[in-house]
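Peer 1: Residue 16 is where the sequence shown starts when you use the working numbering, and the numbers rise one by one after that.
Idealized CB from N, CA, C, for every residue including glycine.
No experiment lies behind these values; they were computed from the predicted model shown.
Take a look at the following structure, please.
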Amino acid sequence: MAEEKKIPTHLAIILDGNGRWAKRRNLPRLMGHRAGLRKLEQMVRLVKREGIRYFSVYAFSTENWNRPAMEVTGLMSLFRYYIRRKVEEIKAEGGRVRFCGRKDRIPEDLLRQMKWAEDYTADENKIDFIICLNYGGRAEIIDAVNSLIADKPEAPVTEQDLRNHFYLPDVPDPDLIIRTSGELRLSNFWLWESAYSEYYFTDIHWPDFDEHELRKALDDYAGRERRYGGLKG
Ligand code: IPE
Ligand code: IPE
Ligand code: MG
């Protein structure tokens, strides 16, 4: 009997390269972001079809506020549009939409939409689609420490105590983290949670990432041996 293909329980993608994709076509950066979001719609379906239970994407980091105001405002508008137009489809696929990150600085109306999307899809259980928006790994750890201190100020603190105060404590650590567009770094994504993640890097810009590229990454993952500090199994 053929061995069953190993698939990640939690797939995470750092959606990078929208700007370069646009530049290469002499388009404004925001057009790249728009193309990137469109790509995301297809990807949720494809990822679900692969049998992956948790799919998280890095859409906006705590550091991305440092970009020109016009790009930040444009991105926030694209997020509004995406939620308004796409959450219905995600729900129809059995997708539960969840946001992960700091709530400060996000415009009030967008926050309300995010809350609506979460409530509206709360009962879906085929795939958790996690959008990391205003997310930073260091911010998450600091926020967890502060809420832990408020909750249980006495030492000693365990790993599990801290974990219980993360933004989404029930979500398992990412098994595979894909980063598009050639950069070989985490840029503050899933800092704590990535301790034993597998990484996959591709030069493809995010808007060009497709089913074929996803398969390649998943095939690569299936061939990896995870040892977690132990010995060959
Ligand atoms: C990723 O694309 C999307 C966000 C960070 C919001 P970039 O905007 O970082 O694209 P590049 O890296 O400039 O090509
Ligand atoms: C990481 O991409 C953040 C997101 C994809 C949301 P960046 O483009 O912001 O990262 P750096 O600046 O290249 O490290
Ligand atoms: Mg980038």
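Would you mind working out which of T24, I67, S92 and R60 sits nearest L45, comparing C-alpha positions?
Peer 2: It is S92.
Peer 1: At a cut-off of 6 Å, would you count D223 as near ligand 3, judging by its Cβ distance to the nearest heavy atom?
Peer 2: Every heavy atom of ligand 3 is 6 Å or more from the Cβ of D223, so no.
Peer 1: Taking Cβ positions, are H180 and L163 nearer each other than 7 Å?
Peer 2: Yes. Within cutoff.
Peer 1: When DSSP labels each residue in this structure, what does Y69 get in the three-state scheme?
Peer 2: Looking at Y69 - three-state DSSP - the assignment turns out to be strand.
Peer 1: Take the Cβ of V112 as the centre, count every other Cβ of all protein chains shown within 10 Å, and call the residue buried at 16 or more, exposed below.
Peer 2: With 16 or more Cβ atoms within 10 Å of its Cβ, V112 is classed as buried.
Peer 1: Do you know how far the Cα of R178 is from the Cα of L90?
Peer 2: Computed Cα separation, rounded: 30 Å.
Peer 1: Could you give the distance in angstroms between the alpha-carbon of G47 and the alpha-carbon of I29?
Peer 2: Taking the straight line joining both Cα atoms gives about 15 Å.
Peer 1: Count the other C-beta atoms from every protein chain shown that fall within 10 angstroms of the C-beta of A74, then say buried if there are 16 or more, exposed otherwise.
Peer 2: Buried, because 16 or more other Cβ atoms sit within 10 Å of the Cβ of A74.
Peer 1: Flag this pair as yes or no: are the beta carbons of T77 and A154 separated by less than 7 Å?
Peer 2: Result yes, Cβ atoms of T77 and A154 sit closer than 7 Å.
Peer 1: Can you find a C-beta in chain B that's less than 7 Å from the C-beta of W80?
Peer 2: Of the protein chains in the structure, only one exists, and it is not chain B.
Peer 1: With a CB to CB cut of under 7 Å and the five nearest residues on each side skipped, what residues in its chain are close to Y243?
Peer 2: Within the same chain, Y243 has close Cβ partners Y211.
Peer 1: With a threshold of 8 Å, are at least 3 pairs of Cβ atoms found where one atom belongs to the stretch 124-137 and the other to the stretch 54-62?
Peer 2: Contact fails: fewer than three Cβ-Cβ distances are below 8 Å.
Peer 1: Is D218 close to ligand 3? I mean its beta-carbon at under 6 Å from any heavy atom of the ligand.
Peer 2: No - ligand 3 has no heavy atom lying nearer than 6 Å to the Cβ of D218.
Peer 1: What separation, rounded to the nearest whole angstrom, lies between the Cα atoms of I142 and E208?
Peer 2: Cα-Cα distance, rounded: 19 Å.
Peer 1: Is DSSP giving L26 helix, strand or coil here?
Peer 2: Correct three-state label for L26: strand.
Peer 1: Answer with buried or exposed for R49, where buried requires no fewer than 16 other C-beta atoms within 10 angstroms of its C-beta.
Peer 2: Answer is buried; the Cβ neighbour count reaches 16.
Peer 1: Which partner residues of S76 appear in the DSSP bridge assignment?
Peer 2: DSSP lists Y150 as partners of S76.
Peer 1: From L125, L201, A237 and R120, pick the residue whose C-alpha is nearest to that of Y96; which is it?
Peer 2: When each option's Cα is compared against that of Y96, the closest is L125.
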